[in-house]
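Chemist: Before I ask anything, let me first share the structure, which is written out below as structure tokens.
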Amino acid sequence: MNLDIRQIDRIIEMAWEDRTPFDAITFQFGLKEQEVINLMRKELKPSSFRLWRTRVQGRATKHSKKRTFDEGRFKCSRQRIITNNSISKR
1 MNLDIRQIDR
11 IIEMAWEDRT
21 PFDAITFQFG
31 LKEQEVINLM
41 RKELKPSSFR
51 LWRTRVQGRA
61 TKHSKKRTFD
71 EGRFKCSRQR
81 IITNNSISKR
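Numbering (UniProt numbering), first residue to last: 1 to 90.
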């Protein structure tokens, strides 16, 4: 599969996010979990890849069938509105 740099960056970003399941990456980009792992291995530094693998292995939120919630996501009661990737000042 030919992916451009923006798609690769987005896949890496989604893979690092705790609450984004591999199914979402498969749906959006057509990459299965093993293909995402191979992409991460190729694109990340070895130490970063090891950190990511340790973090992802066994994490229920990365696998839709293991999730304990059906929809939505957790939001801290102290979280303010986030706009344009910057948190508004308190």
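Using N, Cα and C, we set each Cβ at its ideal position, and we do this for glycine too.
If you're wondering where the values come from, they're calculated on a predicted model, not measured in any experiment.
Rounded to whole angstroms, what's the CA-CA distance from ASP18 to VAL56? Just pull it up for me.
Modeler: If I take the Cα positions, the gap works out to 8 Å.
Chemist: Considering just the uninterrupted stretch of the alpha helix (DSSP H) at PHE17, what are its terminal residues?
Modeler: Per the sequence shown, residue 17 should be read as Glu rather than Phe. Unbroken run through GLU17: none, as it is neither H nor E.
Chemist: How many Å lie between residue 91 and LEU31 at the Cα?
Modeler: An answer regarding residue 91 cannot be provided, because it is not within the stretch 1 to 90 covered by the chain.
Chemist: What ranges does the alpha helix (DSSP H) occupy inside the segment 22 to 69, keeping only unbroken runs of at least 4 residues that lie completely in it?
Modeler: As far as the segment 22 to 69 is concerned, its whole alpha helix (DSSP H) runs of at least 4 residues are 22 to 29, 33 to 43, 46 to 56.
Chemist: I think MET40 touches ILE25, with their Cβ atoms under 8 Å apart; what is that distance to the nearest whole Å?
Modeler: That pair is no contact at about 11 Å.
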